[in-house]
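**Student:** Residue numbers (UniProt numbering): 1 to 141. Positions of the beta carbon are idealized from the N, C-alpha and C atoms, including for glycine.
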């Protein structure tokens, strides 16, 4: 049984729900570039997975909507020459995507009013600046 992918303390995707696909990676690699399947694609059926509660699933589907194909989230990794490194990179990428997708929304911003003291200081500074500019004017009309 493949090991589970830990997303958060409370969310862990069982290894059985993850689908791995391997293919040849582009880029440099010397003699082994055409023989080693080092590119990794990791897929997880987000919509049909029992791991997430309905609330978290709806939030994730809404946030990852453009990345989902038939409810399946897929990430690819081919930046390393070794397949094992690409597997780790794909798993980290998937975990981070899901972690951000299920994170609670930030608190709404409460509108605030400038304090009376700050308004007074700002107006006094403007007045002082205007007075300085007045003194620069040419008074010989």
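#1: Enumerate, from N- to C-terminal direction, the unbroken alpha helix (DSSP H) stretches of 4 or more residues contained entirely within the UniProt region "Disordered" (101-141).
#2: For the segment 3-11 against the segment 70-88, do three or more pairs of beta-carbon atoms, one drawn from each stretch, fall closer than 8 Å, so that the two count as touching?
#3: According to the Cβ coordinates, are residue 60 and residue 46 closer than 8 Å?
#4: Name the two residues that bound the continuous beta strand (DSSP E) containing residue 77.
#5: Run through the DSSP bridge pairs and tell me what residue 45 is partnered with.
#6: Okay, do the segment 48-64 and the segment 91-105 touch, 3+ Cβ pairs below 8 Å being the bar?
#7: Helix, strand or coil: which one does DSSP assign to residue 24?
**Tutor:** Looking at the atomic coordinates:
#1: 116-136
#2: no
#3: In the chain shown, the residue the question calls residue 60 occupies position 60. In the chain shown, the residue the question calls residue 46 occupies position 46. Yes, the pair counts as a contact, with Cβ atoms nearer than the cut-off.
#4: Against the chain shown, residue 77 aligns to sequence position 77. Here the beta strand (DSSP E) through residue 77 covers 72-77.
#5: Against the chain shown, residue 45 aligns to sequence position 45. According to DSSP, residue 45 bridges with 72.
#6: yes
#7: Sequence index remark: in the chain shown, residue 24 carries index 24 (1-based). Here residue 24 sits in coil by DSSP.
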